[in-house]
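See below for the structure under consideration.
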DNA sequence: AACAATACGGAGCGTTGTTCCGCTTTGCAA
DNA sequence: TTGCAAAGCGGAACAACGCTCCGTATTGTT
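Protein chains in written order, with the numbering used here: chain A, 539 to 737; chain B, 539 to 737.
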């Protein structure tokens with residue numbers, strides 16, 4: 539079953555060869571451009587890099603969110619799947635949560651401008667926000683619940699707020715050597731503990 | 539001594555009457571537009587509201603940062619001055635810090651888009667970033683130092699990181715009823731304590 | 001080879017930031 | 001009051017961007 543069929547339920551007619559080529563070229567080009575110019579890079583720049591017209595990019599990826607999602611789909615999936623794995627392999631649920639959040643932070647800060655895009659009030663990014671929430675919130679909630687059930691952390695922070703907070707802390711990390719998101723997120727996670735370590 | 543002289547050292551020639559009128563009109567218009575459309579509202583919208591040409595706005599406020607700073611100058615000043623006052627009136631330095639951060643958060647979340655602008659990688663906002671840092675970092679550092687000296691909090695977070703983190707947590711609070719910046723910031727501040735309260 | 005379906009390209013529109021320069025207003029001096 | 005230089009004003013105009021639309025080209029099939 540092709541990746542495409544996975545979305546359309548297996549009944550979609552095959553795409554034309556040139557369409558497939560262009561879609562792949564666009565994905566490759568977008569991935570490259572996102573690295574150098576960030577996820578808000580001009581559409582024209584991506585189209586040029588893919589040697590494709592403006593119209594083609596909009597046909598394959600109607601909104602910018604669609605393109606970003608397509609580019610990072612696998613990494614988001616991997617992050618989501620790491621949750622249960624960490625829960626099984628880590629000593630405590632809180633440790634698993636901390637490690638998983640670390641993965642999430644690593645992902646975000648290596649994607650130039652993604653954290654900012656996630657909170658952008660631009661309407662076209664709502665889909666992106668929703669996608670990340672859809673994939674990661676259940677995982678985060680599971681880890682959070684496990685830690686609460688184990689009596690390790692306070693219960694007054696839900697998965698949504700936690701993810702948003704973490705995402706926010708990752709905004710604008712590029713080009714600011716004085717700021718590092720990781721310790722801030724660590725502070726947040728440590729702050730969740732019911733009996734924090736003396737420091 | 540006029541507000542203007544305060545900047546130019548008292549030797550500047552008086553501005554023309556129409557220039558003064560227009561500058562005030564622009565400040566009023568900008569303040570109003572910032573409330574409804576955010577601090578990134580189109581220049582033309584502000585100029586229109588002030589009944590002024592596009593050129594005039596650029597003459598008085600060459601960059602957007604200049605305009606934003608001029609509009610919020612007094613509030614930032616008030617926030618800065620509240621620091622020492624809170625330190626004197628509060629029971630503990632940590633309490634003073636918490637209250638001061640609260641003031642800062644209140645200021646940020648009531649200014650549509652300001653927190654986001656502060657971290658924007660747009661070059662024209664660097665000045666804004668610098669201005670806030672210049673005014674608020676010393677105050678924040680004083681409160682932080684006092685709390686550290688009193689043995690209340692850990693010393694591993696400097697004023698810059700704290701302000702950035704708090705600012706980041708305030709991004710995108712408008713139009714998201716599921717997220718509230720205050721508890722997140724509270725978590726951060728509580729997390730600073732060496733002997734956090736059992737919860 | 002002919003043809004219909006599919007996909008492509010990019011001209012073109014609307015929106016924004018920003019500059020530039022001919023014209024107007026102002027304040028002062030004669 | 002009037003004349004005039006300096007200061008200030010307005011908005012046309014240009015560039016960069018998102019996005020749409022439709023005439024043209026490509027593809028797969030008969």
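Yeah, the Cβ is synthetic: ideal placement off N, Cα and C, and Gly gets one too. All of these numbers come straight from a predicted model, not from anything done at the bench.
Per DSSP, the bridge partner or partners of residue i
i                      : result
residue 731 of chain A : A:691
Spatial distance of residue i from residue j (CA atoms)
i                      : j                      : result
residue 636 of chain B : residue 616 of chain B : 17 angstroms
residue 559 of chain B : residue 650 of chain B : 26 angstroms
residue 551 of chain A : residue 565 of chain A : 21 angstroms
residue 707 of chain B : residue 723 of chain B : 7 angstroms
residue 561 of chain B : residue 591 of chain A : 46 angstroms
residue 627 of chain A : residue 620 of chain A : 10 angstroms
residue 703 of chain B : residue 553 of chain A : 47 angstroms
residue 667 of chain B : residue 600 of chain A : 35 angstroms
residue 574 of chain B : residue 690 of chain A : 44 angstroms
residue 548 of chain A : residue 683 of chain A : Note that residue 548 of chain A scores a pLDDT of 45, beneath 50, so its modelled location is shaky; the value from the coordinates is reported in the next line. Those two C-alpha atoms are separated by around 36 angstroms.
residue 672 of chain B : residue 572 of chain A : 33 angstroms
residue 677 of chain B : residue 721 of chain B : 22 angstroms
residue 612 of chain B : residue 699 of chain A : 32 angstroms
residue 693 of chain B : residue 732 of chain B : 9 angstroms
residue 705 of chain A : residue 577 of chain A : 15 angstroms
residue 597 of chain A : residue 661 of chain A : 19 angstroms
residue 618 of chain B : residue 715 of chain A : 25 angstroms
residue 622 of chain A : residue 622 of chain B : 48 angstroms
residue 656 of chain B : residue 645 of chain B : 13 angstroms
residue 670 of chain B : residue 583 of chain B : 25 angstroms
residue 641 of chain A : residue 570 of chain A : 22 angstroms
residue 557 of chain B : residue 679 of chain B : 39 angstroms
residue 610 of chain B : residue 665 of chain B : 14 angstroms
residue 555 of chain A : residue 652 of chain A : 31 angstroms
residue 717 of chain A : residue 581 of chain A : 30 angstroms
residue 709 of chain B : residue 709 of chain A : 9 angstroms
residue 546 of chain A : residue 634 of chain B : Because the pLDDT at residue 546 of chain A is just 41, under 50, the model does not fix this residue reliably, and the point stays unresolved.
Proximity of residue i and residue j at Cβ, strictly below 8 angstroms
i                      : j                      : result
residue 639 of chain B : residue 711 of chain B : no
residue 688 of chain B : residue 728 of chain B : no
residue 593 of chain A : residue 659 of chain B : no
residue 595 of chain A : residue 585 of chain A : yes
residue 643 of chain B : residue 719 of chain B : yes
residue 625 of chain A : residue 681 of chain A : yes
residue 695 of chain B : residue 730 of chain B : yes
residue 697 of chain A : residue 675 of chain A : yes
residue 605 of chain B : residue 568 of chain B : yes
residue 579 of chain B : residue 632 of chain B : no
residue 603 of chain A : residue 663 of chain A : yes
Distance cut-off 7 angstroms: residue i Cβ against heavy atoms of the ligand ATP
i                      : result
residue 671 of chain B : Among the components of this structure there are no ligands whatsoever, and the ligand ATP is therefore not found.
Review point. In chain order, which continuous runs of the alpha helix (DSSP H) of length 4 or greater are located wholly inside the segment 638-691 of chain A?
Key: Positions of the alpha helix (DSSP H) runs, each at least 4 residues long and wholly inside the segment 638-691 of chain A, are given as 652-657 and 664-687 in order along the chain.
Exercise for review: Could you name each continuous alpha helix (DSSP H) segment of 4 residues or more that falls completely within the segment 599-640 of chain A, going from the start of the chain to the end?
Suggested key: Those alpha helix (DSSP H) runs which fall completely within the segment 599-640 of chain A and span 4+ residues are 602-627.
**Study point:** alpha helix (DSSP H) runs wholly inside the segment 565-603 of chain A, at least 4 long, in chain order
**Key:** 581-587 and 592-598, all fully within the segment 565-603 of chain A.
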